[in-house]
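Residue numbers (full-length UniProt numbering): 1 to 274.
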């Protein structure tokens, strides 16, 4: 099993290296509403996922599906425009393949962004939440099976899944920019259906502040490789049962678009200071 996973990664890595020898220091995954950020950096190379042999391709409408290599000021970065989700039917090892691949290309730091539903009663649509910890429910751990020794240890420590050092930098930069920043625990579920009101009440009791369909499994894969991770979630709506409104993807997209400029400003500050 481990050989199959690593061999697939090597095929993807070699496919990319045929197109660019760019070595990133920071990897970024752009969530809903942030996709245009990649067009604002100094671009060196764009590689569509469809041009990478063996690479899983996102089926979500609105996700461009490409790696963008370039510079944010002086920092070499690789940016994912469009991520793969477990609900699309891929095995979890394919869902985390992009994160592992960016690490194999040289990235030592990972910034994860996403759109999520607020569970914390003090949250409002448009809030940005610094992810301080995570819960994963219903998603298989991406490390199940024979350990891929080339990537990391069998039993990686997750007591600091999200780097405390990076969290302090993010809070400092948000304060300098005058951007309000909530903090909380992010919960990843499988999707694609939204949660029921009863499920939301249960997860609030369990300590979750926001819920989404990505990110936590990516964090596990990154930490397994020793990559330093931070995450910011855009609260695009309040979760089921918290208002009388029915949930829909259009609302999520509209809220994400509304706060995109502020989110992008913070993202640039983070990249240049971590």
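Every residue gets a Cβ at the ideal spot worked out from N, C-alpha and C, and that includes glycine.
Note that the structure is a prediction, hence the values are computed from the model and not measured.
Per-residue DSSP class, three states only, for residue i
i: residue 32; result: coil
i: residue 25; result: coil
i: residue 149; result: coil
i: residue 267; result: helix
i: residue 90; result: coil
i: residue 73; result: coil
i: residue 196; result: coil
i: residue 258; result: helix
i: residue 208; result: coil
i: residue 181; result: coil
i: residue 225; result: coil
i: residue 101; result: helix
i: residue 131; result: strand
i: residue 110; result: strand
i: residue 1; result: The pLDDT assigned to residue 1 is 47, lower than 50, so where the model puts this residue is not dependable; a value taken from the coordinates is nonetheless given after this. Three-state result, residue 1: coil.
i: residue 13; result: helix
Proximity below 7 Å, CB of residue i to CB of residue j
i: residue 119; j: residue 210; result: yes
i: residue 8; j: residue 54; result: yes
i: residue 116; j: residue 212; result: yes
i: residue 128; j: residue 232; result: yes
i: residue 107; j: residue 173; result: no
i: residue 152; j: residue 102; result: no
i: residue 126; j: residue 259; result: yes
i: residue 138; j: residue 215; result: no
i: residue 140; j: residue 92; result: yes
i: residue 95; j: residue 5; result: no
i: residue 257; j: residue 31; result: no
i: residue 183; j: residue 132; result: yes
Which listed residue (the options) has its alpha carbon closest to that of residue i
i: residue 235; options: 202, 187, 270 and 192; result: 187
i: residue 69; options: 23, 95 and 94; result: 23
i: residue 46; options: 34, 20 and 31; result: 20
i: residue 278; options: 203, 151 and 89; result: In the structure as shown, the chain begins at 1 and stops at 274. Residue 278 is therefore absent and cannot be evaluated.
i: residue 104; options: 18, 206, 222 and 34; result: 222
i: residue 160; options: 273, 220 and 99; result: 220
i: residue 123; options: 15, 185 and 254; result: 185
i: residue 109; options: 197, 243, 246 and 27; result: 27
i: residue 229; options: 30, 5 and 162; result: 162
i: residue 177; options: 36, 263, 6 and 51; result: 263
i: residue 25; options: 237, 238, 261 and 227; result: 227
i: residue 239; options: 181, 193, 267 and 13; result: 193
i: residue 130; options: 93, 157 and 175; result: 175
i: residue 42; options: 79, 169 and 182; result: 79
i: residue 51; options: 147, 199 and 15; result: 15
i: residue 113; options: 35, 49 and 18; result: 35
i: residue 254; options: 267, 265 and 237; result: 237
i: residue 197; options: 242, 181 and 154; result: 242
i: residue 267; options: 199, 246, 200 and 170; result: 170
i: residue 38; options: 148, 67, 12 and 165; result: 67
i: residue 168; options: 49, 10, 273 and 17; result: 273
i: residue 13; options: 49, 40 and 29; result: 49
i: residue 86; options: 71, 72, 165 and 142; result: 142
i: residue 265; options: 73, 133 and 158; result: 73
Cβ separation of residue i and residue j, assumed to be a contact under 8 Å, to the nearest whole Å
i: residue 84; j: residue 56; result: 5 Å
i: residue 135; j: residue 206; result: 7 Å
i: residue 77; j: residue 218; result: In fact, because the Cβ distance is near 16 Å, the residues do not count as touching under 8 Å.
Residue(s) in a DSSP beta bridge with residue i
i: residue 48; result: 66
i: residue 58; result: In the DSSP output, where bridge partners are listed per residue, residue 58 has none listed.
i: residue 136; result: 188
i: residue 116; result: 235
i: residue 217; result: For residue 217, which the question treats as bridged, DSSP gives no partner whatsoever.
i: residue 176; result: Partner(s): none; residue 176 has no beta bridge.
i: residue 42; result: 71
i: residue 80; result: 29 and 67
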